[in-house]
Amino acid sequence: MKIDLEARSQEKYGRPLAELDDSAICAMLEDIVREHAATMPLNEGKRRLYYLSAEFLIGRLLTNNLIELGVYDDVKAQLASAGHDLGAVEAREVEPSLGNGGLGRLAACFLDSIATLGLPGDGVGLNYHYGLFHQRFVDLQQAAEPDGWLDRQDWLVRDEKAYTVEFGGFSVKSRLYDIDVLGYVRTTKNRLRLFDLESVDDSLVPVNSIDFDKGELAKNLTLFLYPDDSDDAGRLLRVYQEYFMVSNAAQLILDEAMERGSNLHDLPDYAVVQINDTHPSMVIPELVRLLVDVHGFEFDEAVSVVRRMVAYTNHTILAEALEKWPLESLKTVAPRIAEIVIKLDELERAENGSDDAVAIVRDGVVHMAHMAIHYGFSINGVAALHTKILEDTELHPFYELYPEKFSNKTNGITFRRWIMDANPALSGVLDDVLGTDWRTSCDLSGLLAFKDDDAVLARLDNAKTQAKASMREFLWETQGVRIPEDAIIDVQVKRIHEYKRQQMLALYIIWKYLDIKNGNIPARPLTIIFGGKAAPAYTIAQDIIHLILLLSRWIAADPVVSPYLQVVMIENYNVSAAERVIPAADISEQISLASKEASGTSNMKFMLNGAVTLCTLDGANVEIADLVGDENIYTFGTSSKEVERLYAEHAYDAHAHYLRPGVKLLVDFITNPAFLALGNAERLHRLHDDMAWKDWFMALLDIEEYIQKKEQVLADYENRDAWRKKSLVNIAKAGAFSSDRTIRQYNEDIWHL
Ligand SMILES: *Cc1c(COP(=O)(O)O)cnc(C)c1O
């Protein structure tokens, strides 16, 4: 593709390129990419993949698409010669708000890899007008505001297709928008298909609040991702949303299969559906409904067709995250779906002679995961340990029924975004040292040969310094904080959740603060960076954010400690922030309670960018540890086996751990009089008492070992040569976590495209 920006500038604005501002250039580049993408044909193949997901955390698209089209360097050079900086232009793009955390980001990485491998496969989801929410910090607390990204974006293309979705008592019309998904240097593309409500009404949403009328269903279904479900109206709204999503998806799937020659009896030859977590699992009864009610199938044949085309990915073992909906809600939302679910339940009970433990409907409650396992042909976990826990404990009765359906597909990340886009300095070093093949092969193992090469180690170190400079600029411009140039950068960025244990890192900060107060002056400054949103209804997570913000302010105001210790909490953490912060990290904090983090993917991004991991043996950390070896990772904490035993036997005594002198001091610091005066006393007391008496995710169990390990990490950092080698080994081994690898495995074992 050839681009002449000067000519384009004259044509679009009637002015020379040099006179345009960054916003105008951004809009012009988006037009160029979108228009070019429109001319690209779709990936073709008899069988097409539909990746159904409630979220797609795709991030900004301009840079990524310029990289995919292979024109990034050319565009950058043309802009530079007209006096413009592409980086500043990129920053004008608003980040789409279609996702939440790791699960949505995984879906986005997968779309990139599917397109890069040239496989025919689209993402299908919803077009949320206000996303999850935009996070602001007000009075040291999280405030949630609508994230109105839609009218400031330039990527959605209106599609002809539109469907009717029948709910109990009313029906709505849908509208479809597409975003083109370009693979790396490909001439063909896929799409992200986002359904919207034709009758959607943005005016239901107040300017500064995410509270809206949950009863106005024909107007609100696509306003927010995961609307608050702490009340009945909110829970019901989620079922409506999910049914809206899958009904549209199922109609689209049948439509396209017929267009491509299917008679629907052979539908599994034309379509395979990957259900990303349980949210889209109602696609199963919806496909059955369409085949029976619209296309005249016998129920049994419809079921047999659907069984051969649906696969399910499990993302969590947290019981509260495995969706269960009251059968009554289904009857309200979609009565015919409730009928079919009951029939599916009866059929399953008859076939398996099985008991309530694996039932789809039990005590008037529909277990979505159970339905997906019984009626999908494949179920996969997302890291080796996670899949093993599913097979051995959490889903063991299902594993006994269908051992052949279970498999592991360890998550991955796309190298296009997480190194080429996010870390140009490191990409450049890799190009020079390895040649450019790694950009498609994702094989970085050639780097190991340079483990003792001072020149290469120095270049990698220099790339880290450049990434830190970029992050320091970003944090200054967006958060108004200055980071010392020589600081060790220690990062925990991810959704705020007790199982991820941000509270444990907060306790470490308290320990370090007191240690410095006691006169133990560190060798160099330590900057600890957090970022992440908490669900608005998740009180303890809000309390944890409050504690972090309070610590940040308190320490910054302390003249003795602040030169050595800094705490930063990034406001509104998203993909754009991740791209600036992760490349700069020295230490990757992956400290979830063992057995609770299914995989994690930020752990992989950090590793790829040369950070050294400090972690529990949880999720994909286990695989990272196996790959890099003991000397290149820091592991600590109670094992997943022991954690499972503690839960099973109700044997964890939080209060006993709290009473240990070194621990009590740290927890009690949360409610010291100065904090109560400066912060929100109710939040601090609640968090303190929760940790002292409940501590469901056992932060106090691991805190002492964690502090020790962290001090060892900081000491080892001072041995700069040894640390650089650790960093190199981490980069060299990260190829295993390319999402291209993950997608090849999905395709070979499940999709067969
Ligand atoms: C990768 C990513 C995540 C997932 O992080 P985990 O540490 O794996 O939970 C969440 N949010 C954003 C913006 C990401 O880029």
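The sequence shown begins at -1 in the working numbering and counts up by one.
Backbone N, C-alpha and C define an ideal beta-carbon position, used for all residues, glycine too.
Residue i - containing beta strand (DSSP E), residue span
i, result
"Gly121", "Gly119 to Leu124"
"Glu164", "Thr162 to Phe165"
"Val170", "Phe168 to Leu180"
"Arg191", "Lys187 to Leu195"
"Ser405", "Phe404 to Asn406"
"Glu587", "Ile585 to Gln588"
"Val270", "Ala269 to Asn274"
"Thr636", "Careful: Thr636 lies outside any beta strand (DSSP E) and carries neither H nor E."
"Val489", "Ile486 to Val491"
Beta-carbon proximity check, residue i vs residue j, cutoff 7 Å
i, j, result
"Ser376", "Ile748", "yes"
"Leu59", "Trp153", "yes"
"Leu445", "Ala75", "no"
"Leu219", "Tyr238", "yes"
"Ala763", "Ile56", "Since the displayed the chain opens at -1 and closes at 751, residue 763 lies outside it and no answer follows."
"Val303", "Leu252", "no"
"Gly617", "Ser597", "yes"
"Val339", "Val364", "yes"
"Gly166", "Pro333", "yes"
"Arg45", "Tyr268", "yes"
"Asp693", "Ala649", "no"
"Tyr511", "Val559", "yes"
"Leu591", "Met469", "no"
"Leu202", "Glu214", "yes"
"Ile23", "Val87", "yes"
"Val356", "Pro395", "yes"
"Val727", "Leu698", "no"
"Gly529", "Val491", "yes"
"Leu124", "Met243", "yes"
"Ala532", "Gln139", "no"
"Leu682", "Leu505", "no"
"Ala78", "Pro534", "no"
"Gln477", "Ile542", "no"
"Asp176", "Arg191", "yes"
"Ala300", "Val281", "no"
"Ala575", "Lys466", "no"
"Arg415", "Asn670", "no"
Contact belief for residue i with residue j at Cβ below 8 Å, rounded distance in angstroms
i, j, result
"Ser725", "Val610", "6 Å"
"Leu47", "Val270", "5 Å"
"Ile527", "Leu563", "That belief does not hold up - the Cβ atoms of Ile527 and Leu563 are roughly 12 Å apart, past 8 Å."
"Glu703", "Gly635", "6 Å"
"Leu549", "Ala485", "Going by Cβ atoms, the distance from Leu549 to Ala485 rounds to 16 Å, so no, they are not a contact pair."
"Arg387", "Ser593", "Residue 387 is actually Ile in this sequence, not Arg. That belief holds up - the Cβ atoms of Ile387 and Ser593 are roughly 6 Å apart, short of 8 Å."
"Asn312", "Gly379", "6 Å"
"Leu40", "Lys187", "6 Å"
"Leu316", "Thr276", "Wrong, their Cβ atoms sit about 12 Å apart, outside the cutoff."
"Leu458", "Arg722", "7 Å"
"Asn447", "Thr408", "Reading the sequence as shown, one finds Ala at residue 447 and not Asn. That pair is no contact at about 26 Å."
"Phe135", "Leu547", "6 Å"
Status (buried if at least 16 other CB within 10 Å, exposed otherwise) for residue i
i, result
"Leu615", "buried"
"Met(-1)", "exposed"
"Thr391", "exposed"
"Gln133", "buried"
"Val292", "exposed"
"Phe168", "exposed"
"Ser279", "buried"
"Ile553", "buried"
"Glu196", "exposed"
"Leu657", "exposed"
"Ser207", "exposed"
"Ser228", "exposed"
Where the alpha helix (DSSP H) containing residue i begins and where it ends
i, result
"Val427", "Pro422 to Leu432"
"Met502", "Gln500 to Lys515"
"Asp309", "Checking the sequence, you will find Ala at residue 309 rather than Asp. Run containing Ala309: none in the alpha helix (DSSP H); it sits in the beta strand (DSSP E), Val308 to Thr311."
"Tyr656", "Ala652 to Tyr656"
"Glu703", "Ala697 to Tyr715"
"Arg46", "First-last for Arg46: Arg46 to Leu50, but that is the beta strand (DSSP E), not the alpha helix (DSSP H)."
"Glu88", "Leu84 to Glu88"
"Ser207", "Premise fails: Ser207 is in no alpha helix (DSSP H) and is neither H nor E."
*asked:* Under 5 Å, CB to any heavy atom of ligand 1. Which residues pass, going along the chain?
replied: Gly99, Gly100, Arg103, Lys492, Val573, Ala576, Gly598, Thr599 and Ser600
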